[in-house]
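> Before I ask anything, let me first share the structure, which is written out below as structure tokens.
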């Protein structure tokens, strides 16, 4: 079955399905953006997309190359300055879902987009840094994270907490005065993880069709918690695949 | 000579003359606004007028009825929100001249637009209050005040300091952390007062043609300081009178 | 007035387009903190009159410039506290109903909380930003500091600088008048917009009256668009800002401002006005 | 390129319209704090290249997203400190010249000061507002707090709320690219404007390159106008934002962004690029 779609397609479709019509969604660039735009052609046509560049309620017809792509501005209801985006829209707690990618994630869904390996001053790999992510993770009512699941990305301890998920467990968000609810789901190429309601530790709750739990465990850098109630993601429908492929193909044009 | 123009015309013309071309001027409504608009038809065609309503570089063709008149918006280079006006334009110290009216003024050019008589909670006459005046007086590089000179307006002590001039003398503005230079001139129907460079007390430096110094002294509620170098304001030219009359007549239309 | 069942895009499941009486009844409650903004321009008079008509009381009424709209609401007994920064009849004189209420408790006692424009503007900014306070250089040297609330000094954590902090204001309801809505319930306004944007973001509920509904907005200088998801109710009320003005629709009816001085000076004349112009008229603009 | 002696309205006594080399020479000095803004859109590349050509050094370079423009200036040795909040080649990968300078001090050692977008945005807001700091909810929970400067906690004077303060940033020079100027030297830009307005108000000097000069601005959605009295120099540089984009003029030349990855990975290839594309070319856009 796994031969009819790619793992990235499955991940993108699974992520898109989780977005509710009518919600406001603050979108990071890359796969989060693809999934959010895809959701608008699926179950959530009036998903209200905001990008940190200032584009408000944008309906891009093709994938933006960057967070400030003209495509986002040309199809927006309005474009506003960044103080308004960060202070009035995001910080005020008006955003339902923040949608982020990451280079590393830990069991409490803390995410790293700053550097990999060694130290901040002398990193092995320097990544772009925070951008909007720190405050998106802090302020949205909930946060969805899309990331491929490997031992390089799912690590025991992130090299740098760029954006806090649940810190070191219950109480951390409160202690850090984060207004939003924190990560509600992590969508990977293998399945979906959700925080345990009590411990807040990421727990595998869905596997994508054709994926075995051993794969998920092998590709996680900590002892992965698995839900006793583990389910299988619904396989992509042909219409979903058509839509994601049509969308992705726009970025080649 | 005093028969060819009114005292208000003389006051307005004298005030208009003091505005330098190219300066930015933050304008209060009423006579300050009339004088500033008049100045643009006289020596200061590119005087950059800002009103607290958000109109930036406005060139009204007739007298606005209020600070938010459509005339100001229709003839503005741009109209912006009030946070931008107060925080970015005014507070940042970008305005050359603030132009204010007042109900009462004292010898240190502190002005009152809040109430007259008795107490704040039970005033004899309640006035509109601060509006933009407090911060205009605080932040502009200099402040010009237009007010008719009588013992009711020129008082020993204002009933309420709405907007600080020089407080109780040298050092007050610094103590109150006011960034602007404070009042540089008070233009009245009798003449012009300027702060003494040392004591900062308002000193009569000009009398309008036909006005005797005894009139100024009689109409001042404190012992008026008079400059040893007292001069006479240049009489209005016919072209100035034509302009002020044409302008004032627009408000009747 | 167009039908409240105006057809919307499929996107909007529930119509936000309500008749004005229904909008006010649904979203304005006794005791609310209410902000009706519009700086000289686009003052939501029709909505204010509807509040009077519905005899809503105990409002904490916030507005930079109370203007005639709050003078009328105060005179009608809707207001228990006024938060403002410039309280006059612009270009005319005093607000007599406000003075009568404040000084003589007629028709009821009202409290006041007085600010500068910069200060009250920044209270809205903090409210819109979802933080407890904003910082500015303000009030300094003014006696106002000792006669108001929600203003304090704060020291910079980076230097010896001491500046002013003002507490956030978060109205239960903000009411605006605007030129246009589109069918999806977005609103566009242009010309002087004052603190409209901040008052919207600061509020829990937002009601907007508009001159008209259009298929599609056209670009305008100095325009702002308020997305429909920030708005709870839109009422189409042509002339809803009268006797103030709506840029590109109608000018200020200054005779009304001048006439108000006489009407409002006298309790009997005011009561007569209240009966004939508000209570005995149904909801509408001019 | 149009003549720098373009005729202005009588209102403007001295022309602000300068050739780009003259604008940079007049207003950018070694050691300046410089902000070249434009969020993906309207990045002032031509001005950046001119700074390289004039071998200006020791700049503290502020920009939310350093992008190729600062990668090039860092590689060319113009920068001693980078203040930023997202340092990548958008949609492509890393900024190799920035990494080589920071990690290997080539061509010189650079310091960094790293923020979040919200934090750096509010540093500009404070700078624009003429106060020492701004307050926000920011950085909380991030390790960034212990690796940056100009960020602190501050307690509300009204409650127990503790929030974040960021110090104002006030560039010596802000440089922007915009679509249009009018003959009086006002500038209009539209589409994504990012922190352009704040960067202008925060700065001591402002240089703007524009695509064209028009008789009269036409209304556009989401447009801002920067009055001429905030601007020190305007240079007409068609394609001055290339290879980024200018809404309604040209699209982003993404091949250049992709090609930069290879060029910038290697010091020799970069040096070759620097010679052929910058030093041996005269000032211009694409």
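Residue numbers (this note's numbering), protein chains in the order written: chain A, 1 to 253; chain B, 1001 to 1253; chain C, 2001 to 2286; chain D, 3001 to 3286. Every residue, glycine too, gets a C-beta built ideally from N, C-alpha and C. The structure displayed is predicted, hence computed values, not measured ones.
DSSP has residue 116 of chain A in a bridge; who is on the other side?
Partner(s): A:125.
> Would you kindly report the start and end of the unbroken alpha helix (DSSP H) that includes residue 3125 of chain D?
Counting along the chain, the alpha helix (DSSP H) containing residue 3125 of chain D begins and ends at 3117-3129.
> Residue 3211 of chain D to residue 3176 of chain D, Cα distance in whole Å?
For residue 3211 of chain D and residue 3176 of chain D, the distance between alpha carbons rounds to 12 angstroms.
> For residue 2117 of chain C, which option in C:2077, C:2059, C:2065 has the closest C-alpha, if you only look at C-alpha atoms?
When only C-alpha atoms are compared, the closest one is C:2065.
> State the beta-bridge partners of residue 218 of chain A as determined by DSSP.
According to DSSP, residue 218 of chain A bridges with nothing at all.
> Below 7 angstroms between beta carbons is the criterion; list the residues of the segment 3250-3272 of chain D that meet it against any residue of chain A, in chain order.
Residues 3251, 3252, 3254.
> Could you compute how far the alpha carbon of residue 3001 of chain D sits from the alpha carbon of residue 3252 of chain D?
Summary for residue 3001 of chain D: the model assigns pLDDT 31, below 50, so the residue's position carries little reliability, and this model does not support an answer.
> Tell me the DSSP bridge mates of residue 2281 of chain C?
According to DSSP, which records beta bridges pairwise, residue 2281 of chain C is partnered with nothing at all.
> Could you check how far apart the C-beta atoms of residue 35 of chain A and residue 16 of chain A are, in whole angstroms? I think they sit under 8 angstroms.
Contact flag correct, Cβ pair sits at about 4 angstroms.
> Can you tell me whether DSSP reads residue 2018 of chain C as helix, strand or coil?
In this structure, residue 2018 of chain C counts as coil in the three-state DSSP scheme.
> Using beta-carbon positions only, say whether residue 3037 of chain D and residue 3053 of chain D come within less than 9 angstroms of one another.
No, these two residues do not count as a Cβ contact at 9 angstroms.
> Please confirm whether residue 1139 of chain B has its beta-carbon closer than 9 angstroms to some beta-carbon of chain D.
Judged by the 9 angstroms Cβ criterion, residue 1139 of chain B is in contact with chain D.
> Mind reading off the beta-carbon distance from residue 81 of chain A to residue 3197 of chain D? Whole number of angstroms is fine, and I expect it under 8 angstroms.
That belief holds up - the Cβ atoms of residue 81 of chain A and residue 3197 of chain D are roughly 6 angstroms apart, short of 8 angstroms.
> Using the three-state DSSP reduction, which class does residue 1971 of chain C fall into: helix, strand or coil?
This structure cannot settle anything about residue 1971 of chain C, because the visible part of chain C is limited to 2001 through 2286.
> What does DSSP give as the partner residue(s) for residue 1025 of chain B in the beta ladder?
In DSSP, residue 1025 of chain B forms a bridge with B:1049, B:1097.
> Roughly how many angstroms separate the alpha carbons of residue 2236 of chain C and residue 156 of chain A, rounded to a whole number?
Cα to Cα, residue 2236 of chain C sits roughly 58 angstroms from residue 156 of chain A.
> Output the distance between the C-alpha atoms of residue 203 of chain A and residue 185 of chain A, rounded to the nearest integer angstrom.
One C-alpha to the other measures close to 9 angstroms.
> Helix, strand or coil: which one does DSSP assign to residue 88 of chain A?
Helix, per DSSP.
> Quick check: what's the CA-CA separation for residue 3016 of chain D versus residue 1062 of chain B?
In a straight line, the C-alpha of residue 3016 of chain D is about 31 angstroms away from that of residue 1062 of chain B.
> Residue 3186 of chain D: which of D:3231, D:3171, D:3174, D:3205 sits nearest, CA to CA?
Ranking the options by Cα distance to residue 3186 of chain D, first place goes to D:3231.
> Taking the alpha-carbon positions, what's the residue 2246 of chain C to residue 2041 of chain C distance?
Approximately 6 angstroms between the Cα atoms of the pair.
> Taking 9 angstroms as the CB-CB limit, is residue 2027 of chain C close to chain B?
Answer no: the Cβ-Cβ gap between residue 2027 of chain C and chain B never drops below 9 angstroms.
> Can you find the residues in the same chain that come closer than 6 angstroms, C-beta to C-beta, to residue 2035 of chain C, ignoring five residues on each side of it along the sequence?
For residue 2035 of chain C, where only same-chain residues beyond five positions count, the Cβ hits under 6 angstroms are 2062, 2171, 2174, 2199.
> Is it right to say residue 243 of chain A is buried, meaning 16 or more other beta carbons lie within 10 angstroms of its own, or is it exposed?
When all chains shown are included, residue 243 of chain A counts as buried.
> Step through the CB atoms of chain D and report whether any lies within less than 9 angstroms of the CB of residue 249 of chain A.
Cβ-Cβ to chain D under 9 angstroms: no for residue 249 of chain A.
> Leaving aside the five residues before and after residue 3126 of chain D along the sequence, list all residues of the same chain whose C-beta is less than 6 angstroms from its C-beta, in chain order.
If we look at residue 3126 of chain D and ignore the five residues flanking it on each side, its Cβ neighbours are 3133, 3134, 3168.
> Give the C-beta separation of residue 1027 of chain B and residue 1050 of chain B to the nearest angstrom, bearing in mind that I take them to be a contact with Cβ-Cβ under 8 angstroms.
That belief holds up - the Cβ atoms of residue 1027 of chain B and residue 1050 of chain B are roughly 7 angstroms apart, short of 8 angstroms.
> Nearest-angstrom Cα distance between residue 3143 of chain D and residue 3057 of chain D?
Approximately 31 angstroms, taken between the alpha carbons.
> Apart from the five residues just before and just after residue 1250 of chain B, which ones in its own chain have a Cβ nearer than 8 angstroms to its Cβ?
Contacts found: 1061, 1062, 1063.
> What three-state label does DSSP hand residue 64 of chain A in the structure shown?
If DSSP states are grouped into helix, strand and coil, residue 64 of chain A belongs with coil.
> Can you tell me whether residue 1993 of chain C is buried or exposed, with buried defined as 16 or more other CB within 10 angstroms of its CB?
The shown model of chain C, from 2001 to 2286, leaves out residue 1993 of chain C, and the question about it has no answer.
> Taking residue 3203 of chain D as the query, report the chain B residues whose CB atoms sit under 9 angstroms from its CB, ordered along the chain.
Simply none; closest approach about 11 angstroms.
> Along chain C, in chain order, which residues have C-beta atoms closer than 8 angstroms to that of residue 3135 of chain D?
Chain C residues near residue 3135 of chain D: 2131, 2133, 2134, 2135.
> Give the DSSP bridge partners of residue 3190 of chain D, in chain order.
Answer by DSSP bridge pairing, in chain order: D:3223.
> At what residues does the beta strand (DSSP E) containing residue 2182 of chain C begin and finish?
2173-2182 is the extent of the beta strand (DSSP E) around residue 2182 of chain C.
> What does the alpha-carbon distance come out to for the pair residue 3140 of chain D and residue 3155 of chain D?
Cα to Cα, residue 3140 of chain D sits roughly 14 angstroms from residue 3155 of chain D.
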